[in-house]
Ligand SMILES: *Cc1c(COP(=O)(O)O)cnc(C)c1O
């Protein structure tokens, strides 16, 4: 059997899959943060392009990928599906393990799958600049790349803890031509207010989102781009799962377990949602979501309406949440430090269609190091969670079964985190229940 399964470019999917019409229970509508009534599209148009709003609310099962987007995708897509035989042997697995390698994109992660269409749709509607937040820096890199492709300006608010931990990310984002601020920053009202309260604040994704949304909402030629959570982002990511389907068919196999790490839920949903029809038709296929114990949204959060950001500027969405004021511990998987999760993923968790598991960061780095020493590649700290999850599943899976996980990004700019792991300086955070209870008290009662 081939180790690397390549799909010819002529076979690349030309439509994204939208899981919305196939979900067993309809999605709860987003609510206006001021009136608490279901949100009309007019409100969203302050920060999003019309094409993106249409996708956010779409009930069409298939959405055409514009030719200009396909053309940029072809720089690296279709991405390879790789059999991890050496990892299988190292853990004594009876099953086969495959990984869908999204680290081959220019930005080094799955995120350009959505940054490219977002930049394209904004460009088509005359937008000049896109604002955004970034945690570990992966999304800022992806949006910087996409804006450079379409000649747009880009402003990135980067969570301060990552800004300090990952200086090379900042340089890379700058090199693509984007402007970057550590968040909280004095550049916005929200950021300045936080700095006044706590000058040493290390920031959070929720806070950086507030800054980027405020910037877009207060400038006419700017819109905002979100790298995860929302429906349109998850739809764009389905290109990965759709390719996996074709690649597994090429070798006459089917997945029994699909595994992905969850920050906001987009890479996980991209892999698993194209398999919803099979699952609902009764095929035995398990969707497994992996998150950090320091930010255990799906495993310990409450399923309720909450704000997407700290300053309560975003619509209220129904999701598993740790509370919008929750400030996660500074773990190295910066991309997994978000208080909520994608409503589509939460809907599936509530329906019992997804199994969620949480692990400590040191056990994930241990898994990442085993992957590095067997398969040879260096995973991103976020991706290490998917690897840990896949290894645990593979240890008990039967001969003839297939585990497929999404390899969301490489860790070549995360070497400082590996150093901390190897020198024994990395610590684990188990979130006290009181912290969750306190943050949840600030959620609106609806
Ligand atoms: C952003 C990121 C994640 C988490 O985001 P999701 O929306 O949950 O996919 C995971 N892995 C990598 C490499 C990332 O950059």
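Numbering (the working numbering), first residue to last: 116 to 561. Don't be surprised by glycine CBs; every beta carbon is placed ideally from N, CA and C.
Inter-residue Cα distance where the pair is residue i and residue j
i, j, result
"residue 286", "residue 256", "10 Å"
"residue 449", "residue 364", "35 Å"
"residue 356", "residue 385", "6 Å"
"residue 646", "residue 291", "Residue 646 lies beyond the range of the chain shown here (116 to 561); nothing can be said about it."
"residue 409", "residue 125", "43 Å"
"residue 319", "residue 259", "20 Å"
"residue 552", "residue 415", "10 Å"
"residue 135", "residue 344", "14 Å"
"residue 165", "residue 238", "12 Å"
"residue 501", "residue 214", "10 Å"
"residue 219", "residue 482", "21 Å"
"residue 376", "residue 288", "24 Å"
"residue 261", "residue 497", "22 Å"
"residue 402", "residue 122", "23 Å"
"residue 163", "residue 207", "49 Å"
"residue 185", "residue 176", "19 Å"
"residue 427", "residue 149", "9 Å"
"residue 302", "residue 140", "42 Å"
"residue 473", "residue 419", "20 Å"
"residue 248", "residue 359", "29 Å"
"residue 294", "residue 536", "31 Å"
"residue 411", "residue 234", "31 Å"
"residue 168", "residue 548", "37 Å"
"residue 444", "residue 367", "44 Å"
"residue 515", "residue 372", "12 Å"
Which of helix, strand or coil DSSP assigns to residue i
i, result
"residue 410", "coil"
"residue 249", "strand"
"residue 396", "coil"
"residue 174", "coil"
"residue 513", "coil"
"residue 216", "strand"
"residue 281", "coil"
"residue 186", "helix"
Per DSSP, cross-strand counterpart(s) of residue i
i, result
"residue 297", "273"
"residue 434", "419"
"residue 153", "146"
"residue 525", "494"
"residue 405", "376, 472"
"residue 268", "244"
"residue 520", "214, 374"
Local Cβ density within 10 Å of residue i, reported as buried at 16 or more and exposed below that
i, result
"residue 311", "exposed"
"residue 435", "buried"
"residue 153", "exposed"
"residue 469", "buried"
"residue 488", "exposed"
"residue 283", "exposed"
"residue 192", "buried"
"residue 182", "exposed"
"residue 538", "exposed"
"residue 116", "exposed"
"residue 80", "Here the chain has residues from 116 to 561 only, and residue 80 is not among them."
"residue 217", "buried"
"residue 560", "exposed"
"residue 145", "buried"
Own chain residues within Cβ distance below 7 Å of residue i, not counting five before or after
i, result
"residue 555", "417, 438"
"residue 471", "404, 406, 413, 414, 464"
"residue 226", "253, 254, 257, 342"
"residue 298", "248, 272, 273, 274, 275, 306, 318, 322, 323, 326"
Own chain, CB closer than 8 Å to residue i, minus 5 neighbours either side, in chain order
i, result
"residue 531", "280, 281"
"residue 459", "134, 135, 138, 142, 346, 349, 380, 384, 388"
"residue 424", "321, 322, 324, 325, 328, 439"
Residues near residue i in its chain [Cβ-Cβ closer than 6 Å; skip 5 each side]
i, result
"residue 362", "120, 122, 196"
"residue 232", "184, 351"
"residue 251", "277, 449, 450"
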